[in-house]
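K.L.:
Dumping the structure here so I can ask a few things about it.
Protein chains in written order, with this note's numbering: chain A, 1 to 366; chain B, 1001 to 1366; chain C, 2001 to 2366; chain D, 3001 to 3366.
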């Protein structure tokens, strides 16, 4: 991957900082003839948008997407855009860049943030709102992911928050339909978990603290044969895409880290012939990928999001002049950045699959 | 990443199957003037080599590396090679391709193996010894990694097996020196664990079974400033490199998945000014990387290796003609492929760091 | 190169069509700390801008560039922007999209245009103003090139039109200063040629015809050592960049095609030691590049621009329904697109050199 | 392009120096199921092989290719290899590395050679036989090109020498069949030119001099639709590939530089409906490519090869210690390197077309 581009044939380049005039992406290599509406993109962006509950940052951003290139309007249905195979540029303007004094943030290195590493690397830093490391950058990914979902016929990519701090869902209650329910500010698939998470996060928020989370993404309708044996493994590129999300510290596929404790008998997904005469897997420990190549089973990935380091509790640090300071991060922050990571994770998985779908087609003609 | 290439400026392309005449790699972009001996490369290969204890596959491969290009001999010390900045081709001949009847393997899909996925993807398959998915491919990575270690001045990359199946090391006993000790067939850093692992694995082996493992890689001497904020994060590329190793199902950086359970206070690595007047971190939950950029602390990564699916216990499967069969994988196999994954993981981390070292220098001149 | 991206470390992605709302580019990998003003970029864009004389298209586009990301304002000089090392997004809005009936263009394949090839390739086409193949796309290149010029200290890239149709300049009159003179609508370095070109092009224009041109680009201050021996040759990447410009049908470096007629004695650039004790070349047949690597001499490239196919004279063609038609291209067109290709060629050469400057620094540390 | 890799989906990495043990290539991304024999590859290598007439270098290299990976033997026809979709490694051992004293070459910069540029760039140089810049490197390209030819069904790529120094062929005598005739040491398509070229080159050779040449490559059977509008133009990538060949100083497509002198009327390739009801071009000034996309017409490219700088006539130069010297290059050299450039040019064009064939299929599914 390049610094700000990911994907080979379905390539996404993102740009923009938290406090500049806008942010956006250029999607290159999208097949021609893909039909979508701006509302399709907007719907995904709205899922990620801040300010929708008390559990996420109160920054008010409408996150209205503009599609600037790469499409023509369908003559019969002018709201429907048709991709032309040329680069699709999408832009989202920043609206709520609250003016404030950045003196402290400009001078101090916030523990757990990239401030210090930025200064060492670049010698110059856009300290306003985290600059390029702002969670706002992920809006561009979600817009690109909304297109990626349409590239692979039959692909459905869904995500859910499965743990927050010390609280976990009950997987027996898993209900995909509930994830998108209006009463669910957490993308949790377990209705019983809402009250638990709400109480827990209220406490965390009031304490000026933050917590981590665990997200699970499931992609159904992934054709068998995507990926490659060594350095273009489908699981590898999904892991890479997910690790590129801010605050992600771990990724696993299928049974993931649990396989380290398993035996070969437990881990092997046995096969039989199904009623349709086709091979049928009796389990999915592999998470839909064997030897780097999709098997046709659902692709399952999980990732861990660390607690944001923007907390009210003072932490010991140093400033740009080498003095020791105590840092306390005021302002609007997500007490659990993992919540809004759900649609972002979906987008990144969708982009990886779309890219491999085109790569597989290129190499094999299938 | 391309199908068989990884890295941007320090680029490694590998080739070769288990049962072809040879395998190898081409390292492109290596800086000129790097000095090494063939023995340096061989020493790393010997660590990964099969047949060195009863706990790994009994295939006998000398794994002798030949350096075919990209170097000139030092006039004063002819054993010392000096890189010229042109591509370095290294080759390892396959010697012990035991002739046997591949009829069953050619016809049956081994559960947990990539056989079925290969056939769907390519329509043709080199079934002998796993073809491109053979663990032999990783010898090429280790050779490349031996060079990568020399690219970054002061870099030390070490790895250790920290868990095998249900058995874990005691981290209080951690002794890097012991990892390379002659009495240690497991790359474990805990001397007390050798007997435990040996008994456990003997049982597993006798049962015709296999187990997974957990490996930890620590890179010291990584300069601060390597990586980038979004899609060329150092942790992302390390994760991608590690996930590209056969049988790896999960990767984490620093505290990894544990951060999902932590609060912001616990997770933030506080800073003070050290005795040398430089910033000093008081903890390393981040595993040496913040916002995708190295901080100068040790870089810490862990990965989970699943149990090999090549086991003697029969498993239900299907064959290429769509018939249901029971598969029992005979032959020479590692009961715990995670053991030999230690030097491979080191190599992949070293390659990621060398690549980012050159990329950082290219962009910033530092 | 990807479909809409060029360069490896100094990477430029462009997007936008002639008749969409805007076009632009994302420059990724630019070193941090580069200082520039919007006026610097605008000055280059103004050189390429249409509507500035009767010899170029009368489309009225202000081509005002907006810098949307990747910079912070210098505190002392707020007009001065400083690059942060993150992606620089620049946008130019389309203003003068004259509304007209595209019926004929949508239905007919204009000879010499890409209309037919587009339809075969993509099955859908943005026929308005040539879509992605519009000369307007080149504004994005010029903006990127304005930044590239600042990446390499001491680099000066200049271009000149040296022939138009059957008329050539007299090289003995070469005056770089005159190229930018206000009385020179042709970027010619030969003051005596202005009247000749003006009369000639007036005739061509009145005849509803068009002519080709020959452009020469000279880059001074290129450090020795940029490029590589085989597939990252500096001349190769310059040629690739120039060939990517619309309507370019040939590229040569140094003495170029003339070398096919030369002997080894004539072609070799001899060397002596200069007064400064450094190697001194006595000629520059090589155009500043030997074995793909810059020698420190001026880099010289020339490219041929074909006459635009948008002419008033009817040409035989076919339409999308397979009927034979006669096509006559009305509207605002450049009678000699080669004129405005001068600043575009400069930009593309500057980008190639900036990219190789960073790549060389990455590999060698120099 | 990377330093030693070209192509995106059909990717070729080459390695090896003139005087190392071997050279070779890795072809990555080749579709599975392509059938070929080693003799197919060898036949192309034999066309490029030195020592076949008095007009080329007398170095005796059998250039026997070994295929080391990426294939399985066809069970019914064991000589037939079938690609598996994994990387194909091919190796050619160097045999005739004549031992000699390289003292002078190591110390002196040969004018017109890359010696000086190498030393500035890398600070270390494999001076034996030109190192990486040796024409031997092109054997690897020819091997890769032999595979590329088989990737696109119906593709035929042929080349011819059309001028040598001041002598040109008569295009009215063009006979493709004669190019491969046993009596034709020049790849000329004009039987009448053989005597002319032979006499001319004998003179050049006896004078210890060298001459340049002009080569034309024609690819037939290129499907319409390959390429892209801006930075992945088919003509651009062909130009880039050809410019990557040693000693090439210029490339043109179709009418090339001549279009700079043409009018729009002359240059436009008119269209009618052919007898088969399909669009038919009435001319091919464009060389088969419009707007960067193939039209289905033959693709025509020409390139200029400079005279080799390895000549007996002494030339003024400097040495590594900064002293002025006279250089006279003894040894075995091609008096006209352009001759053997014909199969190399074909290979590079075939690779560009194969790559775009896969890229087009990936993006569009056609």
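Glycine included, C-beta positions come from ideal geometry on N, C-alpha and C. These figures come from a predicted structure and were not determined experimentally.
#1: Between the segment 1005 to 1035 of chain B and chain A, which residues of the former have a C-beta closer than 8 Å to a C-beta of the latter?
#2: Any C-beta of chain B sitting closer than 7 Å to the C-beta of residue 263 (chain A)?
#3: Can you name, in chain order, every residue of its own chain whose Cβ lies under 7 Å from the Cβ of residue 2079 (chain C), other than the five neighbours on each side?
#4: For chain C, is any of its Cβ atoms less than 7 Å away from the one on residue 1236 (chain B)?
#5: If you drop the 5 nearest sequence neighbours on each side, which residues of the same chain put their C-beta closer than 8 Å to that of residue 2119 (chain C)?
#6: Specify the secondary structure class of residue 72 (chain A) as computed by DSSP and reduced to three states.
#7: Excluding the 5 residues preceding and the 5 following residue 190 (chain A) in the sequence, name in chain order all residues of the same chain whose CB lies nearer than 6 Å to its CB.
#8: Checking contacts by CB at 7 Å: is residue 1153 (chain B) closer than that to chain D?
#9: Flag this pair as yes or no: are the beta carbons of residue 41 (chain A) and residue 63 (chain A) separated by less than 7 Å?
#10: Ordered along the chain, which non-local residues of its own chain (more than five positions away) have a Cβ less than 7 Å from that of residue 1298 (chain B)?
#11: May I ask you to report which of helix, strand or coil DSSP gives residue 1013 (chain B)?
#12: Does residue 104 (chain A) have its Cβ less than 7 Å from a Cβ in chain B?
#13: So what does DSSP say about residue 1250 (chain B), is it helix, strand or coil?
#14: Taking the CB atoms as reference points, tell me whether residue 2306 (chain C) and residue 3263 (chain D) lie closer together than 7 Å.
#15: Check distances from the C-beta atoms of the segment 2108 to 2122 of chain C to those of chain B and list, in chain order, the residues that come in under 7 Å.
#16: Using a beta-carbon distance cut-off of less than 7 Å, what residues from the segment 2352 to 2365 of chain C approach chain B?
#17: Provide the residue span of the beta strand (DSSP E) that contains residue 66 (chain A), from first to last.
#18: Would you mind reading off the limits of the beta strand (DSSP E) that contains residue 28 (chain A)?
#19: Taking residue 126 (chain A) as the query, report the chain E residues whose CB atoms sit under 7 Å from its CB, ordered along the chain.
#20: Can you give me the C-alpha to C-alpha distance between residue 1032 (chain B) and residue 2296 (chain C), rounded to a whole angstrom?
#21: Between residue 2006 (chain C) and residue 2151 (chain C), which are expected to be in contact by the criterion C-beta below 8 Å, what is the C-beta distance as a whole number of angstroms?
#22: Beta-carbon within less than 6 Å of residue 1291 (chain B)'s beta-carbon, same chain only, minus the 5 sequence neighbours each way: which residues are those?
#23: Which complete beta strand (DSSP E) runs does the segment 2211 to 2283 of chain C hold, if anything under 3 residues is left out?
#24: Looking only at its own chain, which residues have a Cβ that is under 6 Å from the Cβ of residue 3138 (chain D), when we skip the five neighbours before and after it?
#25: On the criterion of 16 or more Cβ atoms from any shown chain inside 10 Å, does residue 1045 (chain B) qualify as buried, or is it exposed?
#26: Going by C-alpha distance, which of C:2252, C:2144, C:2016 is nearest residue 2136 (chain C)?
#27: Please report the Cβ distance between residue 226 (chain A) and residue 294 (chain A), rounded to the nearest whole angstrom; I am assuming they are in contact, meaning their Cβ atoms lie under 8 Å.
#28: Name the chain D residues whose beta carbon is nearer than 9 Å to that of residue 1242 (chain B)?
#29: List the residues of chain C that residue 3269 (chain D) touches, going by C-beta distances under 8 Å, in chain order.
#30: Relative to chain D, which residues along the segment 205 to 239 of chain A have a C-beta separation below 9 Å, given in chain order?
#31: At a Cβ threshold of 7 Å, is residue 2087 (chain C) touching chain A?
#32: Between residue 3 (chain A) and chain B, is any beta-carbon pair separated by less than 7 Å?
#33: Below 6 Å CB to CB, which residues in the same chain sit around residue 1160 (chain B) once its five sequence neighbours on both sides are set aside?
#34: Who are the Cβ neighbours of residue 3350 (chain D) in its own chain at under 6 Å, not counting the five residues just before and after it?
#35: Tell me which same chain residues have a C-beta within less than 6 Å of the C-beta of residue 1205 (chain B), skipping the five on either side of it?
P.N.:
The answer reads as follows:
#1: Taking 8 Å as the cut-off between beta carbons, the residues of the segment 1005 to 1035 of chain B near chain A are 1005, 1006, 1008, 1014, in sequence order.
#2: Locating residue 263 (chain A) in the first chain gives position 263, counting from the first residue. Interface flag for residue 263 (chain A) against chain B is set, since a Cβ pair is found closer than 7 Å.
#3: Start at 1 with the first residue of the third chain, and residue 2079 (chain C) comes out as number 79. For residue 2079 (chain C), where only same-chain residues beyond five positions count, the Cβ hits under 7 Å are 2037.
#4: Counted from its first residue, the second chain places residue 1236 (chain B) at position 236. For residue 1236 (chain B), the answer is no, since every Cβ of chain C falls outside 7 Å of its Cβ.
#5: For the purposes of this step, residue 2119 (chain C) is taken as residue 119 along the third chain, with counting starting at 1. The residues are 2109, 2125, 2320.
#6: For this step, residue 72 (chain A) is matched to residue 72 along the first chain. Shown here, residue 72 (chain A) sits in a strand according to DSSP, grouped into three states.
#7: Working through the first chain from its first residue, we reach residue 190 (chain A) at position 190. Here the set comprises 169, 170, 173.
#8: The residue you call residue 1153 (chain B) lines up with position 153 of the second chain. Residue contact check for residue 1153 (chain B) against chain D: no CB pair falls below 7 Å.
#9: In the first chain, residue 41 (chain A) corresponds to position 41, counting from 1. In the first chain, residue 63 (chain A) corresponds to position 63, counting from 1. No; because the gap between Cβ atoms is not below 7 Å, this pair is not in contact.
#10: Taking the first residue of the second chain as position 1, residue 1298 (chain B) is located at position 298. Answer for residue 1298 (chain B): 1218, 1219, 1220, 1284, 1288, listed in chain order.
#11: As a working note, residue 1013 (chain B) is residue 13 in the second chain. Of the three classes helix, strand and coil, the one that applies to residue 1013 (chain B) here is strand, per DSSP.
#12: If you number the first chain from 1, residue 104 (chain A) lands on position 104. Contact of residue 104 (chain A) with chain B is not assigned, every C-beta pair being separated by 7 Å or more.
#13: Taking the first residue of the second chain as 1, we reach residue 1250 (chain B) at position 250. The answer is strand: DSSP assigns residue 1250 (chain B) an E or B state.
#14: Along the third chain, one-based indexing puts residue 2306 (chain C) at 306. Along the fourth chain, one-based indexing puts residue 3263 (chain D) at 263. By the CB criterion at 7 Å, residue 2306 (chain C) and residue 3263 (chain D) fall outside the cutoff.
#15: Listed in sequence order: no entries.
#16: In summary, the residues of the segment 2352 to 2365 of chain C whose CB is separated from some CB of chain B by less than 7 Å are 2358, 2359, 2361, 2362, 2363, 2364, 2365, in the order they occur in the chain.
#17: Counting from 1 along the first chain, the entry for residue 66 (chain A) is found at position 66. Where residue 66 (chain A) is concerned, the enclosing beta strand (DSSP E) stretches over 65 to 67.
#18: Locating residue 28 (chain A) in the first chain gives position 28, where the first residue counts as 1. Looking at the DSSP string, the run of the beta strand (DSSP E) that includes residue 28 (chain A) is 22 to 28.
#19: Here the protein chains are A, B, C and D, and chain E is not one of them.
#20: Position 32 of the second chain, counted from the first residue, corresponds to residue 1032 (chain B). Position 296 of the third chain, counted from the first residue, corresponds to residue 2296 (chain C). Between residue 1032 (chain B) and residue 2296 (chain C), the C-alpha separation is close to 20 Å.
#21: The count along the third chain starts at 1 and reaches residue 2006 (chain C) at position 6. The count along the third chain starts at 1 and reaches residue 2151 (chain C) at position 151. Residue 2006 (chain C) to residue 2151 (chain C), Cβ: 15 Å. No contact.
#22: As a working mapping, residue 1291 (chain B) is identified with position 291 in the second chain. Result list for residue 1291 (chain B): 1229, in chain order.
#23: Runs of the beta strand (DSSP E) inside the segment 2211 to 2283 of chain C: 2213 to 2220, 2248 to 2253, 2271 to 2273, 2279 to 2281.
#24: As a first step, residue 3138 (chain D) must be located in the fourth chain, where it is residue number 138. Excluding sequence neighbours, residue 3138 (chain D) sits near 3344.
#25: Along the second chain, read from residue 1 onward, the residue named residue 1045 (chain B) stands at position 45. In the assembly as shown, residue 1045 (chain B) is a buried residue. Its beta-carbon has 16 or more other beta-carbons within 10 Å.
#26: Here residue 2136 (chain C) refers to the residue found at position 136 of the third chain. Of C:2252, C:2144, C:2016, the residue nearest in Cα terms is C:2016.
#27: Taking the first chain and counting its residues from 1, the one referred to as residue 226 (chain A) is at position 226. Taking the first chain and counting its residues from 1, the one referred to as residue 294 (chain A) is at position 294. Between residue 294 (chain A) and residue 226 (chain A) the Cβ distance is about 4 Å, and since that is below 8 Å, they are a contact.
#28: Position 242 of the second chain, counting from 1, holds the residue named residue 1242 (chain B). Per Cβ cutoff of 9 Å: no residues; residue 1242 (chain B) is ~21 Å from chain D at best.
#29: Residue 3269 (chain D) sits at position 269 when you count from the first residue of the fourth chain. Chain-ordered, the chain C residues with CB closer than 8 Å to the CB of residue 3269 (chain D) read 2111, 2112.
#30: Cβ contacts with chain D: 228, 229, 230.
#31: Numbered from its first residue, the third chain carries residue 2087 (chain C) at position 87. It does: the Cβ of residue 2087 (chain C) has a partner Cβ on chain A nearer than 7 Å.
#32: Here residue 3 (chain A) refers to the residue found at position 3 when the first chain is read from its first residue. Yes - at least one Cβ of chain B is within 7 Å of the one on residue 3 (chain A).
#33: The sequence position of residue 1160 (chain B) within the second chain is 160, counting from 1. Taken in chain order, the residues that qualify are 1179, 1187, 1189, 1216.
#34: In the fourth chain, the residue the question calls residue 3350 (chain D) occupies position 350. Sequence-distant Cβ neighbours of residue 3350 (chain D) in its own chain, meaning closer than 6 Å and more than five residues away, are 3145, 3148, 3149, 3157.
#35: Mapped onto the second chain, residue 1205 (chain B) falls at position 205. Hits under 6 Å: 1335.
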